[in-house]
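Visitor: Structure incoming, see below.
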Amino acid sequence: MLRAPLLRSRGIATGALKARTTSQWHPVQRRYLADGKRADETLIPGTGSSKAPNDIPPPPILQTSPVSPSNVPLENIPKSPPSPETTGSIASVPPKTSSPTPVPPTGTGTATVAPPAGNEPTPPSPIPKKKSRRFRTFLLTLLILSGLGYAGGVYYSLISDNFHDFFTEYIPYGEDAVAYFEDREFRKRFPSKPVTTKHHEQVKGENKVTIPSHSGLAPRVATSDRKTDLGAAAPHLSAVEEGKQKADTAAGDPKIAEPSKKITAVEQAKESAKPEEKSSSHELLPKSSLPQTETPKVEEKKVEEAKPAPPPAPLIDNLEIPQAEEPVVQDIVKVLNNIITVINADNASGKYSLTISQAKESLSKILTDVSALKSAAQKEAEDKIHNSHMEFDNAAKELVRRLEVEMKDQENHWREEYESEREKLAKSYQEKVAAEIEAANKIYEQKLKNQLLEQSIQLQRNFTDSIRDRVETERSGRLSKLSELQSEVEELERLTGEWNRIVDANLKTQYIHVAVEGVKSALEHADRPTPFIKELVALKEIASDDPVINAAIASIHPSAYQRGIPTTAQLIDRFRRVATEVRKASLLPEDAGVASHAASLLLSKVMFKKKGLPVGDDVESVLTRTEVLLEEGNLDDAAREMNSLTGWARTLSRDWVAECRKVLEVKQALDVIATEARLQSLLVD
Amino acid sequence: MADTTETPKPAPVLRSRPLSESLLNEKWDACLASMATRSALGLSFGVVFSVLLFKRRAWPAWVGLGFGAGRAWEECDNSFKRASAPNRDGLRVLRP
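Residue numbers (my numbering), protein chains in the order written: chain H, 1 to 685; chain S, 1 to 96.
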């Protein structure tokens, strides 16, 4: 301990010696390297040894103990360097002999310039090189570590799901790396399954399916072609034409046409055919009988008239037929006259006069024939009319006659029917009337019977009522006395009940008195504290419904009746003991220590004792008063006096006061119970 | 009335609480005992020290005795001072 500073100072002092020793003990004495000696400062052993001790003061403690370097081990040499004198001797001694350790051979003056040993830790020249290498190594290690960490993270994320989440979330490219490894694992597990990628077709370079741009559905603006169709001839406009066509088609090949259409076609064909028929039939219809019959004749006449050549020169007279009243004849005459005028105009009367005259004659003949025919026909018609008139008259007469007969028959028939019906109706009505009369009779009889019954019932009721009234009057007269008797009996019962109650109450109060007396005697006659719980229980049972007594019993402390209360003698005895103790502590100040306690103890011995009833609040007088009161038997006041103490005196007398209080409580409760019992006995009447 | 038959309860176990008048005496007993033991302990320590360190001089023994007695006195004093005031252990003290 003490050598350390000495060593330090010595190290400074022996600079030259140190230099030598360093040259000698170079590999061992590393601490001298820090001195940083330069090459020019180094001292050659021979010269430096004489120079060094001059400028450096000698070390303060120069121990006499000579140190031989041969004896000292190498480790101890720097701790106890030799004195300058010895160093000088050491320097003269060749170092090879002194050091047994393998020391590199040191020539003269080559102490510090000597090449460093192999185990030299930090040569000064490679320091900058090492800095760059350190940086590089740092980078390398960082890279390797981060790579390892990354690989470890990937591996661990393959194992742990939790770490997988963390890794993929926070490490850049972590997700890709993990996904790559997972994919590899998956492929290794299911090598047969082909990997389906999204871009399967395109990647493999197969023929692409090109879909033309106009394929599929395409939007188109609606055109109005249909409107023109509506205007064209179509079945919705006219069914006739179509029917015609249809008929044609039906005629062409009826097999193809549908049956319904066929029917329509046929009908239409018929309709179309009708007008032609009509036209043909119109002509066939006879328009009028006379002109039709006349016209061929006229034509014939015309032919006849046309046949003969027209007469030449002589003018033909116009036909004049006065009796020609009929229009046909007049027409014919007019035609003939026209012909004649024509002939006359042509001046061919010569040619046609003969024929005309013939025609005139034939015409007159015809006229006569016609008139004859007319008359004949007229006559025939008149006959016919007459005949038919006759026939009709006959038929009418026959008809009238037949009708009359029939009507008579009918009348007779109706009359008979009517008669029979009337009889039938009359009979039925009579039956009905008879039945109704019978029913009415029956009802009436029943009513009468009912009335009779009612009357009888009424009579009976009246009878019973009258009887009852009689009986009631009788009863009220005689039996009313019974109820009076009953009420009297009840009154008596009530009275007896009341008396019973009074007697019970009296008994109860008596019991209470007895019980209270029992408790009191148990307390008075005990020479030591005895439990009086049995007596108290008896008292409570007797007066369980009395709230005052219950409250009084409840006011007693349970420990009082369980363990008993001390007797008066015991209380006084204990008071004496308590009083001596209290007296010891009577002179204590407020916050007393040991010294004051001891003083109080000692001084209380020499105090005078008071007698009688002294006046004052001090402990001694209180104790004296209490004693006197106790001797008088006034427990209550004694307890009050003791309760007025303070401090240590109060603490010491606490138990005694509590006991006094217990006794007083019991006494008070018993007094209350006794008073209550007395009150009960007074309240009974 | 019959339902109020009370069976007398068994008396509770008596606690060995010291009587109030003997409180002070007990304290004195404890004080004297502690005084004796602590004085003896101090004295013995003093003797040992005097033998070991102080070439059997007398004063270390007296000093030890004084230490022991003083400690006992202090304890005693505390107990006397605290006893007169009501015990406030387990009660929370409300300060304004």
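From the three backbone atoms N, C-alpha and C, an ideal C-beta is built for every residue, glycine too.
Can you give me the start and stop residues for the alpha helix (DSSP H) that residue 444 (chain H) sits inside?
Guide: Counting from 1 along the first sequence, the entry for residue 444 (chain H) is found at position 444. Residues 349–478.
Visitor: Report, in whole angstroms, the separation of the C-beta atoms of residue 676 (chain H) and residue 546 (chain H), which I expect to be a contact under 8 Å.
Guide: As a position in the first sequence, residue 676 (chain H) is number 676, starting the count at 1. As a position in the first sequence, residue 546 (chain H) is number 546, starting the count at 1. Contact holds; Cβ gap of about 7 Å.
Visitor: For the alpha helix (DSSP H) that residue 557 (chain H) lies in, which residues bound it at each end?
Guide: The residue labelled residue 557 (chain H) in the question sits at position 557 within the first sequence. Run containing residue 557 (chain H): none; DSSP gives neither H nor E here.
Visitor: Residues of chain H with CB closer than 7 Å to the CB of residue 77 (chain S), please, in chain order.
Guide: As a working mapping, residue 77 (chain S) is identified with position 77 in the second sequence. 593, 594, listed in chain order.
Visitor: Nearest to residue 652 (chain H) by alpha carbon, out of H:530, H:466, H:588, H:632?
Guide: Position 652 of the first sequence holds residue 652 (chain H). Of the listed residues, the one whose Cα sits closest to residue 652 (chain H) is H:588.
Visitor: Residue 597 (chain H) lies in the alpha helix (DSSP H); which residues open and close that run?
Guide: One-based indexing of the first sequence puts residue 597 (chain H) at position 597. Taken as a continuous stretch (DSSP letters only), the alpha helix (DSSP H) holding residue 597 (chain H) covers 594–605.
Visitor: From residue 635 (chain H) to residue 593 (chain H), what distance separates their C-alpha atoms?
Guide: Here residue 635 (chain H) corresponds to residue number 635 of the first sequence, with the count starting at 1. Here residue 593 (chain H) corresponds to residue number 593 of the first sequence, with the count starting at 1. Distance between the alpha carbons of residue 635 (chain H) and residue 593 (chain H) is about 34 Å.
Visitor: Is residue 481 (chain H) close to chain S? Criterion is C-beta to C-beta, closer than 8 Å.
Guide: In the first sequence, the residue the question calls residue 481 (chain H) occupies position 481. Not one chain S Cβ lies under 8 Å of residue 481 (chain H).
Visitor: Would you list, in chain order, the members of the region 12–43 of chain S that have their beta-carbon closer than 7 Å to a beta-carbon of chain H?
Guide: Answer in chain order: 19, 20, 21, 23, 24, 31.
Visitor: Got a sec, what are the start and stop residues for the alpha helix (DSSP H) residue 535 (chain H) sits in?
Guide: On the first sequence, position 535 is the one that residue 535 (chain H) refers to. Taken as a continuous stretch (DSSP letters only), the alpha helix (DSSP H) holding residue 535 (chain H) covers 533–542.
Visitor: What is the rounded straight-line gap between the Cα of residue 211 (chain H) and the Cα of residue 167 (chain H)?
Guide: Walking along the first sequence from the start, residue 211 (chain H) turns up at place 211. Walking along the first sequence from the start, residue 167 (chain H) turns up at place 167. When rounded, the distance between both Cα atoms is 46 Å.
Visitor: Verify the CB distance criterion: does residue 67 (chain S) have a CB-CB separation below 8 Å to chain H?
Guide: Along the second sequence, read from residue 1 onward, the residue named residue 67 (chain S) stands at position 67. So, not an interface residue.
Visitor: What separation, rounded to the nearest whole angstrom, lies between the Cα atoms of residue 139 (chain H) and residue 133 (chain H)?
Guide: Along the first sequence, one-based indexing puts residue 139 (chain H) at 139. Along the first sequence, one-based indexing puts residue 133 (chain H) at 133. Residue 139 (chain H) and residue 133 (chain H): Cα-Cα distance of roughly 10 Å.
Visitor: Please determine if the region 525–542 of chain H and the region 559–570 of chain H are in contact, where contact requires at least 3 C-beta pairs separated by less than 8 Å.
Guide: Because the criterion of three Cβ pairs below 8 Å is met, the region 525–542 of chain H and the region 559–570 of chain H touch.
Visitor: Going by CA-CA distance only, name the one from H:642, H:220, H:614 that's closest to residue 660 (chain H).
Guide: Taking the first sequence and counting its residues from 1, the one referred to as residue 660 (chain H) is at position 660. Among H:642, H:220, H:614, the Cα nearest to that of residue 660 (chain H) belongs to H:642.
Visitor: With a threshold of 8 Å between beta carbons, is residue 605 (chain H) in contact with chain S?
Guide: If you number the first sequence from 1, residue 605 (chain H) lands on position 605. Residue 605 (chain H) does not count as touching chain S.
Visitor: Please look up how many angstroms separate the CB atoms of residue 665 (chain H) and residue 560 (chain H), rounded, as I've assumed it's under 8 Å.
Guide: Stepping through the first sequence from its first residue, residue 665 (chain H) is reached at position 665. Stepping through the first sequence from its first residue, residue 560 (chain H) is reached at position 560. About 7 Å; that satisfies the 8 Å criterion.
Visitor: Could you tell me the alpha carbon to alpha carbon distance between residue 163 (chain H) and residue 147 (chain H), rounded to whole angstroms?
Guide: Numbered from its first residue, the first sequence carries residue 163 (chain H) at position 163. Numbered from its first residue, the first sequence carries residue 147 (chain H) at position 147. Rounded to whole angstroms, residue 163 (chain H) to residue 147 (chain H) spans 17 Å at the Cα level.
Visitor: Alpha carbon to alpha carbon, how far is residue 520 (chain H) from residue 630 (chain H)? Give it in angstroms, no decimals.
Guide: The count along the first sequence starts at 1 and reaches residue 630 (chain H) at position 630. The count along the first sequence starts at 1 and reaches residue 520 (chain H) at position 520. Cα to Cα, the separation comes out at about 20 Å.
Visitor: Classify residue 583 (chain H) as buried or exposed, calling it buried when 16 or more other Cβ atoms lie within 10 Å of its own Cβ.
Guide: For this step, residue 583 (chain H) is matched to residue 583 along the first sequence. That one is buried.
Visitor: Against chain S, does residue 528 (chain H) count as a neighbour if the rule is that its beta carbon must be under 8 Å from one of theirs?
Guide: Along the first sequence, read from residue 1 onward, the residue named residue 528 (chain H) stands at position 528. Chain S contact via Cβ: absent.
Visitor: So, under 8 Å CB-CB, residue 579 (chain H) and residue 600 (chain H) are touching, yes? Tell me the CB distance rounded to an integer number of Å.
Guide: Locating residue 579 (chain H) in the first sequence gives position 579, counting from the first residue. Locating residue 600 (chain H) in the first sequence gives position 600, counting from the first residue. The Cβ separation is near 15 Å, so there is no contact.
Visitor: In chain S, what lies closer than 8 Å to residue 652 (chain H) by C-beta?
Guide: To locate residue 652 (chain H), count along the first sequence from 1; it is residue 652. What residue 652 (chain H) touches in chain S: 20, 21, 23, 24.
Visitor: Give the straight-line distance between the Cα atoms of residue 49 (chain S) and residue 90 (chain S), rounded to the nearest whole angstrom.
Guide: As a working note, residue 49 (chain S) is residue 49 in the second sequence. As a working note, residue 90 (chain S) is residue 90 in the second sequence. Cα to Cα, residue 49 (chain S) sits roughly 43 Å from residue 90 (chain S).
Visitor: For the putative contact between residue 153 (chain H) and residue 174 (chain H), defined by C-beta atoms under 8 Å, what is the C-beta separation to the nearest angstrom?
Guide: If you number the first sequence from 1, residue 153 (chain H) lands on position 153. If you number the first sequence from 1, residue 174 (chain H) lands on position 174. Contact flag correct, Cβ pair sits at about 7 Å.
Visitor: Hey, quick one: how far does the alpha helix (DSSP H) through residue 327 (chain H) stretch, first residue to last?
Guide: The sequence position of residue 327 (chain H) within the first sequence is 327, counting from 1. Unbroken alpha helix (DSSP H) run through residue 327 (chain H): 327–346.
Visitor: Along the chain, where does the alpha helix (DSSP H) containing residue 164 (chain H) start, and where does it finish?
Guide: On the first sequence, position 164 is the one that residue 164 (chain H) refers to. Run containing residue 164 (chain H): 161–170, per the alpha helix (DSSP H) assignment.
Visitor: Here's the rule: buried if 16 or more other CB atoms are within 10 angstroms of the residue's CB, otherwise exposed. What is residue 444 (chain H)?
Guide: Mapped onto the first sequence, residue 444 (chain H) falls at position 444. Residue 444 (chain H) comes out exposed.
Visitor: Given this structure, state the Cα-to-Cα distance separating residue 78 (chain S) from residue 55 (chain S), to the nearest angstrom.
Guide: As a first step, residue 78 (chain S) must be located in the second sequence, where it is residue number 78. As a first step, residue 55 (chain S) must be located in the second sequence, where it is residue number 55. Answer to the nearest angstrom: the Cα atoms are 37 Å apart.
Visitor: For chain S, check one thing: does any of its Cβ atoms lie closer than 8 Å to the Cβ of residue 100 (chain H)?
Guide: In the first sequence, residue 100 (chain H) corresponds to position 100, counting from 1. Reliability fails at residue 100 (chain H), whose pLDDT of 47 lies under 50, so the model's placement of it is uncertain and no value is given.
Visitor: State the DSSP-derived secondary structure class of residue 590 (chain H), mapped to helix, strand or coil.
Guide: Along the first sequence, one-based indexing puts residue 590 (chain H) at 590. Coil at residue 590 (chain H), not helix or strand.
Visitor: Beta-carbon within less than 6 Å of residue 307 (chain H)'s beta-carbon, same chain only, minus the 5 sequence neighbours each way: which residues are those?
Guide: Position 307 of the first sequence, counting from 1, holds the residue named residue 307 (chain H). Only weak support is given to the placement of residue 307 (chain H): the predicted model assigns it a pLDDT of 47, under 50, and the value that follows is read from those uncertain coordinates. Excluding sequence neighbours, residue 307 (chain H) sits near nothing in its chain.
Visitor: Does the beta carbon of residue 546 (chain H) sit closer than 8 Å to a beta carbon anywhere in chain S?
Guide: Numbered from 1 along the first sequence, position 546 holds the residue referred to as residue 546 (chain H). Cβ-Cβ to chain S under 8 Å: no for residue 546 (chain H).
Visitor: Is any non-hydrogen atom of the ligand COA found closer than 7 Å to the C-beta of residue 57 (chain S), if you look at the structure I gave you?
Guide: What this structure holds is no ligand at all, so the ligand COA is not there to describe.
Visitor: Can you tell me where the alpha helix (DSSP H) holding residue 647 (chain H) begins and where it ends?
Guide: To locate residue 647 (chain H), count along the first sequence from 1; it is residue 647. From DSSP, the alpha helix (DSSP H) with residue 647 (chain H) extends over 647–652.
Visitor: Apply the 10 Å Cβ neighbour rule to residue 626 (chain H) and answer buried if 16 or more other Cβ atoms are within range, or exposed otherwise.
Guide: Here residue 626 (chain H) corresponds to residue number 626 of the first sequence, with the count starting at 1. Answer is buried; the Cβ neighbour count reaches 16.
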